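Under UniProt numbering, the residues of the sequence shown are numbered 1 to 549, in order.
Think of the CB as a built atom: it goes at the ideal place given N, C-alpha and C, for glycine as much as any other residue.
Predicted model, so just to flag it, every value in this text is computed and none were measured.
Have a look at the structure below before the remarks.
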Amino acid sequence: MKKDFTPEDELLFLALGGSGEIGMNVNLYGCQGRWLMVDLGMTFSGDQYPGVDLVFADLEFIEDRADKLDAIVLTHAHEDHIGAVPYFAAELDVPIYATPFTADLVRRKLEEAGLVGRVELRVIDADHGSFTVGPFEITYIPLAHSIAEGNALLIDTPHGRVFHTGDWKLDEDPIIGEPTTEEELAAIGDEGVLALVCDSTNVFNPSPSGSEGAVHKGLLEEVQRHSGKRVLVTTFASNVARLQTLGDVARETGRQLCVAGRSLDRIIEVAQDNGYLEDLPELIDFDSAMSLPRGEVLILATGGQGEPRAALARIADENHPLELVSGDVVLFSSRQIPGNEISIGAVQNKLAERGITMVTDRQSMIHVSGHPGRPELEALYGWLRPDILVPVHGEMRHMQEQGRLGKASGIPDQVVQQNGDMVRLAPGAPGKIGDVRTGRLVLDGDIIVPADGEAIAMRRRIMREGVVIVALDGDLNPRIDSLGLPLDEDYADFVTEATSDIRSAIGKLRGADRRNEQSVHEAARLAARRAAQRWSGKRPQVRVIVPNL
């Protein structure tokens, strides 16, 4: 029997996305019969979903309880935390809370989706703003991250307080924003923290993530080292602090700043609308950049993850108004996201073929992560002193390791969960109390469908094995075509033999089966597939078109 999981006299936690994976963060807290959603993110598709760009968490659990959902609270504006808002917020029909920078980006997404007026967006002060919904009192706690207005959430409930970190790091020189101090975090700990729900991404990193201020020094040294050369820097568009750093580096090295990429244009506009990047140097257009002496321009471009349509890939293909030549320099001021290695390598190889110098964070201090290493995690544990640690935002290996680190650091209880695990935080001993069905949805064209649906599964099989199409005429004579079979020189012989096999298989049908469409279809399908396997070693999908019999 399906358990209701109505959180009447307990405090529950449930991840629908982001636990057991990096990305697609969707977290739920339940208390006194009500639910609170923290973040509504997405992830980008890989080869496992051919023809698909965006992947979402399946929200069936909370959609079935939408009348009990009080609000969606967004920690910050990265796509894996806000990217699904335009696709699900209207259906959930609850207010969305965010700080100004995040709210501005979300508002633009809603405008593009035609949802203005259908989704209520409430803007909360970025400096420890607080509000109450249902049994939850929520306070934004500013923390450093690789985007403006990164925040933790302090969630006060009748059962105790939860510190939900969002994505974070420690940074003594963050360039943008003023993170909550050690003393302020320790004061939160002094008042008591029931549970710390914490980012696990960099738990295997034995060192602190590093300061944005140190990146300024590294980028300045690299640009100075390549004087007389045209320098292009690629970084994450959302990293407002890095954009400020690059603006400062351009000014300090006597270079004009040129920006290439729509996502960069949008982030700069939103940042300036919200009081950031106010002293960014005046930007120059592509024509002006190309007319300057090579050592007098600094280009900031999207595409550091190898995205084929981004500015860097087009520049590498010599299909962009901005040009690089042998001896010019590309600085990769970003980390390589797992899964993007092939696409990044393809862009880098094209640049290398043209004699363009490349520098990555492995060679120079030109990037730092936005997530905490082990020393930062241990510091936060010491300040907050929670009763319970719940690792999130990581693959299972990351979360298990953070659980071990928390135990070694003296946190009494560690609950290592994954998407779909219903966890009771209070009262009593914390732990998993049941399972909830979870899954993935994909945006396929203009339609959101299950990731394990027949269309995606068939597309995947066709990608691996190819397809054979058999069309039968009124006399049941077959005509064969195929896609994706490795039979270039042998194709005509394959068609001849497969045609013969299909005729033979249909000819063996007797009585009513001879005029039964299903029987004819199956005989032709099996014969064609066996012939294809003999000739190619593949087991293709076979589609048979049978006339009305």
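(1) What is the rounded straight-line gap between the Cα of Lys2 and the Cα of Met396?
(2) Considering only C-alpha positions, which residue in the set Ser146, Gly434, Ser369 is nearest to Thr75?
(3) Going by Cα to Cα distance, which pick from Leu277, Asn151, Glu401 is closest to Leu143?
(4) Within the stretch 272-301, note down every full alpha helix (DSSP H) run reaching 4 residues or more, in order along the chain.
(5) What is the rounded straight-line gap between the Cα of Asp9 and the Cα of Tyr381?
(6) Along the chain, where does the alpha helix (DSSP H) containing Gly434 start, and where does it finish?
(7) DSSP three-state call for residue 562: helix, strand or coil?
(8) DSSP state of Tyr49, grouped into three classes?
(9) Counting along the chain, where does the beta strand (DSSP E) carrying Glu137 start and finish?
(10) DSSP beta-bridge partners for Gly30?
(11) As an exercise, report each continuous beta strand (DSSP E) stretch of at least 3 residues that is fully enclosed by the stretch 298-385, in chain order.
(12) So Tyr276 packs on Ile411, CB below 8 angstroms; how close in whole Å?
(13) Return the bridge partner residues of Pro478 from the DSSP annotation.
(14) With distances taken Cα to Cα, identify the nearest neighbour of Gln417 among Leu443, Asp444, Leu389.
(15) Whether or not the stretch 293-313 and the stretch 224-242 are in contact is what I'm after, with contact meaning three or more pairs of Cβ atoms, one per stretch, closer than 8 angstroms; do they touch?
(16) Rounded to whole angstroms, what's the CA-CA distance from Glu252 to Leu246? Just pull it up for me.
(17) Taking all protein chains shown into account, do 16 or more other C-beta atoms lie within 10 angstroms of the C-beta of Gly406, making it buried, or fewer, making it exposed?
(18) Do Val215 and Arg255 count as a contact pair if the criterion is CB distance below 8 angstroms?
(19) Span of the beta strand (DSSP E) holding Gln256?
(20) Would you kindly work out how many angstroms separate the C-alpha atoms of Pro158 and Phe136, rounded to a whole number?
(21) Ordered along the chain, which non-local residues of its own chain (more than five positions away) have a Cβ less than 7 angstroms from that of residue 550?
(22) Figure out for me which residue from Asp481, Glu353, Ala90, Leu509 has the closest Cα to the Cα of Ala498.
(23) Which partner residues does Ser130 have in the DSSP bridge list?
(24) From the DSSP output, in three-state form, read off Ile176 for me.
(25) Grab the span of the alpha helix (DSSP H) containing Pro206 for me, first residue to last.
(26) Give the DSSP-derived three-state secondary structure of His145 in the structure shown.
(27) Would a C-beta distance cut-off of 8 angstroms place Val415 and Gly431 closer than the cut-off?
(28) What number of angstroms, rounded off, separates the C-alpha of Lys229 from the C-alpha of Asp328?
(29) To the nearest angstrom, how far is it from the Cα of Ile506 to the Cα of Ala523?
(30) Would you call Met463 buried or exposed, if buried means 16 or more other Cβ atoms sit within 10 Å of its Cβ?
(31) Output needed for Pro450: all residues of its chain with C-beta closer than 7 angstroms, excluding positions within five of it in sequence on either side, in chain order.
(32) For Leu483, does the three-state DSSP call read helix, strand or coil?
Straight from the coordinates:
(1) With a pLDDT of 48 at Lys2, under the threshold of 50, the predicted position of this residue should be treated as unreliable, though the coordinate-derived value follows. Going by the C-alpha atoms only, they are around 26 angstroms apart.
(2) Closest in C-alpha terms to Thr75, from the list Ser146, Gly434, Ser369, comes Ser146.
(3) Closest by C-alpha distance to Leu143, out of Leu277, Asn151, Glu401, is Asn151.
(4) Taking only runs of at least 4 residues, the alpha helix (DSSP H) segments lying wholly in the stretch 272-301 are 286-291.
(5) Rounded to whole angstroms, the separation of the alpha carbons of Tyr381 and Asp9 is 28 angstroms.
(6) For Gly434, no alpha helix (DSSP H) run applies; the uninterrupted beta strand (DSSP E) run containing it begins and ends at 431-435, by DSSP.
(7) Lying outside 1 to 549, the shown extent of the chain, residue 562 is not represented and no answer is given.
(8) Tyr49 falls in the coil class under three-state DSSP.
(9) 136-142 is the span of the beta strand (DSSP E), which, as asked, contains Glu137.
(10) According to DSSP, residue pairing for Gly30 in a beta bridge involves Leu12, Trp35.
(11) Considered as a whole, the stretch 298-385 harbours 329-332, 357-359 as its complete beta strand (DSSP E) runs of no fewer than 3 residues, in chain order.
(12) Not really, about 35 angstroms apart at Cβ, beyond 8 angstroms.
(13) Beta-bridge pairing links Pro478 to Leu472.
(14) The shortest Cα separation from Gln417 among Leu443, Asp444, Leu389 belongs to Leu389.
(15) They touch, by the three-pair rule.
(16) Spanning the two alpha carbons is a distance of roughly 10 angstroms.
(17) Looking at its Cβ environment, which holds 16 or more other Cβ atoms inside 10 Å, Gly406 is buried.
(18) In this structure, Val215 does not lie closer than 8 angstroms to Arg255 by Cβ.
(19) Note, Gln256: beta strand (DSSP E), 256-260.
(20) If I take the Cα positions, the gap works out to 8 angstroms.
(21) Lying outside 1 to 549, the shown extent of the chain, residue 550 is not represented and no answer is given.
(22) Closest by alpha carbon: Asp481.
(23) Paired residues: Thr139.
(24) If DSSP states are grouped into helix, strand and coil, Ile176 belongs with coil.
(25) Element bounds for Pro206: n/a, residue is neither H nor E.
(26) His145: coil per DSSP, three-state reduction.
(27) It is a contact, given that the beta carbons lie within the stated cut-off.
(28) Cα to Cα, the separation comes out at about 5 angstroms.
(29) Distance from the CA atom of Ile506 to the CA atom of Ala523, rounded to whole angstroms, is 6 angstroms.
(30) So Met463 counts as exposed.
(31) Cβ within range, chain order: Gly439, Leu441.
(32) Leu483 falls in the strand class under three-state DSSP.
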